[in-house]
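Engineer: Dumping the structure here so I can ask a few things about it.
Protein chains: 2
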Amino acid sequence: MKSDKKSDYIRLLKSKFFPFIEFGSEPLDWDTINLKVRQLGSNNAILSKSLKLIISNTGSVTRALEIISNRKINVKTIFQEIGVLQEEDKKLLKYLRLKPGDQLNFREVWLTDLENNYVFAFSLTPIKLLNNGFKEDLIKADIPIGRLIEKHKIECRKEIVKISAIEHHLLNHIGIKWDNIAESALIPYRIYNIIYKEQILMVIIEFFNPLLI
Amino acid sequence: MKSDKKSDYIRLLKSKFFPFIEFGSEPLDWDTINLKVRQLGSNNAILSKSLKLIISNTGSVTRALEIISNRKINVKTIFQEIGVLQEEDKKLLKYLRLKPGDQLNFREVWLTDLENNYVFAFSLTPIKLLNNGFKEDLIKADIPIGRLIEKHKIECRKEIVKISAIEHHLLNHIGIKWDNIAESALIPYRIYNIIYKEQILMVIIEFFNPLLI
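Structure follows, in structure tokens:
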């Protein structure tokens with residue numbers, strides 16, 4: 002991708018996803034996570050027991066999908082590029098405690114068994130926190146985050162900052178469309194941070210197919 | 002508990018639980034975990050989708066139980082004492098990389114909603130790795146490990162070392178007995194280590210009630 006096209010695309014990505022990210026919001030505490038899941042389940046969103054378990058828990062989503070589908074789950078990368086943060090990216094700089102000129106990896110993927118798309122995930126990763134091995138694997142882009150963390154024996158914690166749902170048709174502009182799901186159906190999603198050495202190693206947004214999980 | 006009674010009890014605990022812990026065994030890798038869960042499910046053990054998700058994943062078990070039961074899950078402590086490791090505890094010393102004289106916390110609990118006992122958990126925790134706040138909370142003994150890790154913002158990783166099942170009646174001598182489960186039924190269990198600063202912070206064995214989860 003040419004450099005100017007690339008920065009256009011990253012600008013587009015930011016405009017697509019930033020409405021979902023509430024910069025500066027506190028992580029949800031234990032009881033609030035339970036409450037949010039209960040609210041979501043009673044709020045017209047279809048939420049199976051499996052999806053409740055996955056959305057509220059901090060283990061690997063890929064692993065969970067492999068267990069319930071009994072298939073291998075692959076990462077299908079839609080977009081993956083490293084962008085340079087600008088002076089104007091004030092909220093992002095503050096949230097991620099970065100400086101203008103610092104690099105950020107943008108990644109958009111489907112978690113899929115190559116037949117069904119289970120989860121659409123978007124991640125932001127400050128490059129300077131990564132060691133070389135992890136960085137190389139991340140940029141190869143075909144490895145699920147959970148496997149990366151396991152492979153590199155990363156000690157970290159995950160903090161969930163949002164659990165919610167949004168109407169399917171409002172996600173078309175992000176590139177999320179499931180043929181068998183009604184336009185008006187609610188799509189559950191969550192945002193969480195992976196914290197490593199007390200800094201945000203990744204921000205991840207995941208949109209879940211409520212008919213498959 | 003008097004000091005000699007205490008050491009008797011700890012000796013008893015060790016003899017009860019050590020057959021389950023395979024000291025020095027390697028953590029299960031990604032694909033082996035999936036395989037073990039699949040084998041368990043096809044091997045006469047009753048394994049619901051929820052239990053498959055919980056046993057294969059490394060998020061908080063307490064949280065998962067709260068989500069599926071829609072109730073608050075409490076820790077009911079059966080036993081909790083700090084013991085001193087002896088010269089003779091060779092395997093334990095090696096596995097936990099400790100020295101004779103080092104202290105180890107022994108804890109046996111039920112995870113329960115006060116009506117149903119979902120999980121029986123046994124944990125070993127080397128004391129010298131804990132900071133004071135975490136130690137105090139652990140010894141208070143009524144807080145689930147997952148909540149402790151969240152509260153103290155512990156960055157760690159979990160490695161599963163065993164996923165298996167055992168006949169119900171063989172657990173009577175450990176104190177595990179569910180009235181509504183047949184003596185011959187298989188009880189799924191797993192063993193995992195919580196790794197913190199590249200050392201074992203805890204070894205946990207969990208036995209799951211397959212009719213409730």
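Each protein sequence line maps, in turn, to chains D and X.
According to the numbering used here, the residues represented by the first sequence are 2 to 214, in order.
According to the numbering used here, the residues represented by the second sequence are 2 to 214, in order.
Beta carbons are placed, not taken as given, at the ideal position from N, Cα and C, and that holds for glycine.
Give me the DSSP bridge partner(s) of THR113/X.
Structural biologist: ASN75/X, ASN118/X
Engineer: Can you name the start and end residues of the alpha helix (DSSP H) that GLU137/D belongs to?
Structural biologist: It spans 133 to 141 - the alpha helix (DSSP H) in which GLU137/D sits, taken as one unbroken run.
Engineer: Would you kindly check if the distance between the Cβ of ASN210/X and the Cβ of VAL120/X is under 8 Å?
Structural biologist: yes
Engineer: On the DSSP letters alone, give me the boundaries of the beta strand (DSSP E) that LEU213/X sits inside.
Structural biologist: Counting along the chain, LEU213/X falls outside any beta strand (DSSP E), and DSSP gives it neither H nor E.
Engineer: So LYS73/D and ASP138/D are in contact, right, with Cβ under 8 Å, and what is the actual spacing, rounded?
Structural biologist: At roughly 18 Å, the Cβ-Cβ gap does not stay under 8 Å, so LYS73/D and ASP138/D are not in contact.
Engineer: Counting only Cβ-Cβ distances shorter than 9 Å, please list the residues of the segment 195 to 209 of chain D near chain X, keeping chain order.
Structural biologist: Listed by position along the chain: ILE196, TYR197, LYS198, GLU199.
Engineer: Keeping to the same chain, check which residues put their C-beta closer than 8 Å to that of GLU27/D; ignore five residues upstream and five downstream.
Structural biologist: VAL162
Engineer: Given ILE196/D, which residues of its chain have a CB within under 8 Å of its CB, disregarding the five upstream and five downstream residues?
Structural biologist: The residues are CYS157, ARG158, LYS159, GLU160, LEU202.
Engineer: In this structure, how does DSSP classify GLU184/X when only helix, strand and coil are distinguished?
Structural biologist: coil
Engineer: How should ASP90/D be labelled, buried or exposed, when 16 other C-beta atoms within 10 angstroms of its C-beta is the threshold for buried?
Structural biologist: buried
Engineer: In chain X, which residues lie less than 7 Å from TRP31/D when you measure between Cβ atoms?
Structural biologist: ARG148, GLU151
Engineer: Roughly how many angstroms lie between the CA atoms of ASN181/D and PRO189/D, to the nearest whole one?
Structural biologist: 16 Å
Engineer: So the alpha helix (DSSP H) SER57/D belongs to, where does it begin and stop?
Structural biologist: 50 to 57
Engineer: Within the chosen definition, does the segment 168 to 177 of chain X reach the segment 41 to 48 of chain X through at least 3 CB pairs nearer than 8 Å?
Structural biologist: no
Engineer: Check the Cβ-Cβ distances between ALA65/X and every residue of chain D, and say whether any is below 8 Å.
Structural biologist: yes
Engineer: If I follow the unbroken beta strand (DSSP E) through LYS92/D, where does it start and stop?
Structural biologist: Counting along the chain, LYS92/D falls outside any beta strand (DSSP E), though it belongs to the alpha helix (DSSP H) covering 91 to 96.
Engineer: Near SER165/D, which residues of its chain fall below 8 Å by C-beta distance, leaving aside the five closest residues on each side in sequence?
Structural biologist: LYS37, LEU41, PRO189, TYR190, ARG191
Engineer: Determine contact between the segment 122 to 133 of chain X and the segment 100 to 109 of chain X, defined as no fewer than three beta-carbon pairs at a distance below 8 Å.
Structural biologist: yes
Engineer: At a CB-CB cut-off below 7 Å, which residues of chain D make contact with THR113/X?
Structural biologist: Result: empty, since nearest Cβ-Cβ is about 17 Å, beyond 7 Å.
Engineer: Between which two residues does the alpha helix (DSSP H) holding SER61/X run?
Structural biologist: SER61/X -> no alpha helix (DSSP H), and no H or E assigned at all.
Engineer: Name, in chain order, the residues that DSSP records as bridge partners for GLU160/X.
Structural biologist: ASN194/X
Engineer: DSSP three-state label for LEU13/D, please.
Structural biologist: helix
Engineer: Leaving aside the five residues before and after GLU184/X along the sequence, list all residues of the same chain whose C-beta is less than 7 Å from its C-beta, in chain order.
Structural biologist: HIS169, HIS170
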